[in-house]
Amino acid sequence: MKGSIGESKDFPYDVIVCGAGHAGCEAALASARMGSKVLILTGNLDTIAQMSCNPAIGGQAKGQIVREIDALGGEMGLNADAAAIQYRLLNTSKGPAVQAPRAQCDKKAYQLRMKHIIELSENISMFQALVDGLVLEKGKCTGVKTTMGICFYGKSTIVTTGTFLQALMHIGNQKSEGGRLGDHVAKGLSADFKSCGIELSRFKTGTPPRLLGSSIDFGSLEEQKGDKEPTKFAFYDTRPDEETFHVERKARWFHVERKPFMPSQVSCFTTNTTNEVHELIRKNLDQSPLYQGDIKGTGPRYCPSIEDKVVKFENKDSHKLHLEPEGLDTDEWYINGLSTSLPFEIQCKILKEIPGLENAKIIRPAYAVEYDYAQATQLQNSLESNKVENLFFAGQINGTSGYEEAAAQGLVAGINASNKSIGVPPITFGREEGYIGVLIDDLVTKGTTEPYRMFTSRAEYRLLFNHASSELRYLDTLRKTPLVSAKRLSMIEEKNAEIEKWIKKAKKEKVENNDTFADLIRKGRGVDQHFPEFNCLKASVREEILYRIKYEGYLLREFRNIEKMKDSEKILIPDNFDFLAVKGLRKESSEKLDHIKPQTVAQASRVSGVNPADISVLMVFLGRK
101 MKGSIGESKD FPYDVIVCGA GHAGCEAALA SARMGSKVLI LTGNLDTIAQ MSCNPAIGGQ
161 AKGQIVREID ALGGEMGLNA DAAAIQYRLL NTSKGPAVQA PRAQCDKKAY QLRMKHIIEL
221 SENISMFQAL VDGLVLEKGK CTGVKTTMGI CFYGKSTIVT TGTFLQALMH IGNQKSEGGR
281 LGDHVAKGLS ADFKSCGIEL SRFKTGTPPR LLGSSIDFGS LEEQKGDKEP TKFAFYDTRP
341 DEETFHVERK ARWFHVERKP FMPSQVSCFT TNTTNEVHEL IRKNLDQSPL YQGDIKGTGP
401 RYCPSIEDKV VKFENKDSHK LHLEPEGLDT DEWYINGLST SLPFEIQCKI LKEIPGLENA
461 KIIRPAYAVE YDYAQATQLQ NSLESNKVEN LFFAGQINGT SGYEEAAAQG LVAGINASNK
521 SIGVPPITFG REEGYIGVLI DDLVTKGTTE PYRMFTSRAE YRLLFNHASS ELRYLDTLRK
581 TPLVSAKRLS MIEEKNAEIE KWIKKAKKEK VENNDTFADL IRKGRGVDQH FPEFNCLKAS
641 VREEILYRIK YEGYLLREFR NIEKMKDSEK ILIPDNFDFL AVKGLRKESS EKLDHIKPQT
701 VAQASRVSGV NPADISVLMV FLGRK
């Protein structure tokens, strides 16, 4: 049941979530599903789950993450499907392992639905207040302070402040406090973190201008339509009907008949920058805070500003721009690829040199944001701080970029903060399980010197991570942890059993000459002529069977590599192990290992700067102990 706001120190919340972006929402909902009494605090209730940058969910590797979030009971997949206005499956010319769903969303519909989900959750209380500090007792976080002078107490606290920590916005020479245009900035937390020994650094991100659609010449642009057969994010085949529409059935103003199944999809459009644009930018670099030196934070490598593109890729004649609608009930358009911090008047001049945008009207200017983040090497794999007990971090505060990466961290932090509140060991995810495991291991073990973005290339076992298999890969976790309902778990078990049964059948039964059904699948012929009942299976089941059989040799190789890796994962490193005392270990390695405090030899081997010789020394030392 919901608790009353402002509960006393003697009756704390189980979990307090600071921030209500994509990480905060998934964190609160995950903790609530685990049975915890949750308080979510945000500076503005009207911006819960706001899509601060582009109005889209998914994409390369990101779409796989969303499907994994959905498999683990998260909300992002369902919410994206409910708000989707265009679907595209990326990388269709490549193998299924790297194909990724993406959806343009109605950003207001996405935001309002997620807010309502939290409002309807019986275990979640919401309150509008800016968190300004921590309540600490003997090295443990026991609550938070707000700018209102109100303290809230909790057994676990999750920080998901996004880009709002000591945030500073730049438009040309103009600076103003804020992590997003029109919103507040979180100031006091940084000082508390530093006093606890938590190291902070600065990152930078940016956003492009928003345009009025009626001022765009769409006839001069290249149209980009959605897929005829949408690839959705949520696993509807293993989700009971009441869970598919769990909000819509309770809400007063949502209608199941309209969403999540849109009757038609809207179009996006593309255009290109020109030599005139590039020359204009070069002439005005002295007015860019990025090149003036006003911005100290490191920006994202894979989503650079237009200034960076022009300077670093000086031989390119043009850069692709994507125009994306922000919703069905607005004429606001997002220009993907035109992030900048140049002065407003320069932004206007740039548009006049872009085909189709010559007369476009800017209704929100582009700007850059600098903000504090905490290096994630200061965290455990559970996302709990190594410096302060009961304190968890998730989202952009860990140095990531992207809604999907944030939501995945929020989910994991929410699970573990809930477990921590009742004294249950944390749930961690390995690199061999999926993109969520890769994401967290990369952050915790390697850290990042630039805003981290997930790519399929970061996952060494990516052949196992086709987006359609997420539920099946996380089945063991779902059996042990109450992340999904018993009914849904049963449906996933049935799906898994059906797939296993058919794979055995396909390998065993000969259907043509001396070939088995599996042989024909590998050869790509005669599949439809045998076992008519196979074609009657659900598409999700049939496609997984085909994938496993067709790529069996490659998948077996991946499993063998995983077994080798698991051998070193079994070699545990004791808590409070003194790496500095290991004789023969290089100083650089001992210092890095002492900072990160890996829990296994396998994790130690992935630390940047640690070489195989260092690992050999470490293993010998552990053996002596």
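In this note's numbering, the protein residues as written are 101 to 725. Beta carbons are placed, not taken as given, at the ideal position from N, Cα and C, and that holds for glycine.
With DSSP collapsed to three states, give me the class of Phe-721.
-> helix
With a CB to CB cut of under 8 Å and the five nearest residues on each side skipped, what residues in its chain are close to Glu-407?
-> Ile-381, Leu-385, Ser-388, Leu-390, Tyr-391, Thr-440, Ser-441, Leu-442
Exposure of Pro-632, with buried meaning 16 or more beta-carbon neighbours within 10 Å = exposed
Since Ala-468 and Leu-438 are thought to touch, with beta carbons under 8 Å apart, how far apart are those beta carbons, to the nearest angstrom?
-> Between Leu-438 and Ala-468 the Cβ distance is about 13 Å, and since that is not below 8 Å, they are no contact.
Leaving out the 5 sequence neighbours to the left and right, which residues in its chain are closer than 7 Å to Leu-718 when beta-carbon positions are compared?
-> Here the set comprises Val-682, Leu-685, Val-701, Ala-704.
In this structure, does DSSP put Leu-421 in helix, strand or coil?
-> strand
Between the Cα of Thr-616 and those of Ile-649, Lys-162, Lys-294, spot the shortest distance and give me the residue it belongs to.
-> Of the listed residues, the one whose Cα sits closest to Thr-616 is Ile-649.
Is there contact between the region 186-195 and the region 337-346, where contact requires at least three CB pairs shorter than 8 Å?
-> no
Are the Cβ atoms of Phe-264 and Tyr-471 separated by less than 9 Å?
-> yes
Local Cβ density within 10 Å of Met-248, reported as buried at 16 or more and exposed below that | exposed
4 or more residues per run - each alpha helix (DSSP H) lying fully within the region 141-226 | 162-171, 176-183, 207-220
Apply the 10 Å Cβ neighbour rule to Tyr-574 and answer buried if 16 or more other Cβ atoms are within range, or exposed otherwise.
-> Tyr-574 is buried by the Cβ-count criterion.
State the beta-bridge partners of Ser-708 as determined by DSSP.
-> Ser-708 is not bridged to any residue.
What did DSSP end up calling Gln-365 once you bin it into helix, strand or coil?
-> coil
Around the C-beta of Arg-339, are 16 or more other C-beta atoms found within 10 angstroms, so that it is buried, or is it exposed?
-> Buried, because 16 or more other Cβ atoms sit within 10 Å of the Cβ of Arg-339.
Run the CB neighbour count on Glu-329, radius 10 Å, all protein chains shown included, and call it buried at 16 or more, exposed below.
-> Burial state of Glu-329 is exposed, judged by a 10 Å Cβ sphere holding fewer than 16 other Cβ atoms.
The beta strand (DSSP E) with Glu-489 in it runs from where to where?
-> Element bounds for Glu-489: n/a, residue is neither H nor E.
Go ahead and pull the three-state DSSP assignment for His-378.
-> DSSP places His-378 in helix when its eight states are reduced to three.
Do you know offhand how far Lys-109's Cα is from Val-117's?
-> 17 Å
With distances taken Cα to Cα, identify the nearest neighbour of Lys-420 among Cys-125, Ile-454, Glu-532, Ile-395.
-> Comparing Cα positions, the closest option is Ile-454.
Where the alpha helix (DSSP H) through Tyr-391 begins and ends | For Tyr-391, the enclosing alpha helix (DSSP H) has its first and last residue at 389-392.
Quick one: Cα of Cys-153 to Cα of Thr-307, how far?
-> Cα to Cα, the separation comes out at about 6 Å.
Return the chain-ordered ranges of every alpha helix (DSSP H) run that is complete within the region 113-141 and spans a minimum of 4 residues.
-> Secondary structure in the region 113-141: the alpha helix (DSSP H) runs of 4 residues or longer, each lying completely within the stretch, are 122-133 in chain order.
If you check the beta carbons only, do Leu-564 and Ala-197 fall under 9 Å apart?
-> In contact: Leu-564 and Ala-197 (Cβ atoms closer than 9 Å).
What span of residues does the beta strand (DSSP E) with Val-259 cover, start to end?
-> 251-259
In terms of residue numbering, what span does the alpha helix (DSSP H) encompassing Asn-613 cover?
-> Note, Asn-613: premise wrong, no alpha helix (DSSP H); not H, not E.
Throw me the rounded Cβ distance for the Gly-456 and Phe-335 pair, which I believe falls under 8 Å.
-> At roughly 39 Å, the Cβ-Cβ gap does not stay under 8 Å, so Gly-456 and Phe-335 are not in contact.
For Phe-361, I'd like the list of residues in its chain whose CB is within less than 6 Å of its CB, leaving aside the five on either flank, ordered along the chain.
-> Only weak support exists for where Phe-361 lies, its pLDDT of 48 falling under 50; the coordinates are left without a value.
Do you know offhand how far Ala-286's Cα is from Asn-519's?
-> So the alpha carbons of these two residues sit roughly 28 Å apart.
Terminal residues of the alpha helix (DSSP H) in which Val-538 lies | 535-541
What does Asn-372 pair with, by DSSP beta-bridge criteria?
-> Lys-420
Pairwise C-alpha distance: Leu-693 and Phe-721 = 14 Å
Among Asp-541, Leu-281, Gly-502, which has the Cα closest to the Cα of Gln-478?
-> Asp-541
Should Ile-250 be labelled buried (16 or more other beta-carbon atoms within 10 Å of its own) or exposed?
-> Exposure of Ile-250 is indicated by the presence of fewer than 16 other C-beta atoms within 10 angstroms of its C-beta.
Which class does Val-285 belong to by DSSP, given the choice of helix, strand or coil?
-> Note: Val-285 maps to coil in three-state DSSP.
Span of the beta strand (DSSP E) holding Lys-350?
-> Here Lys-350 belongs to no beta strand (DSSP E), and DSSP marks it neither H nor E.
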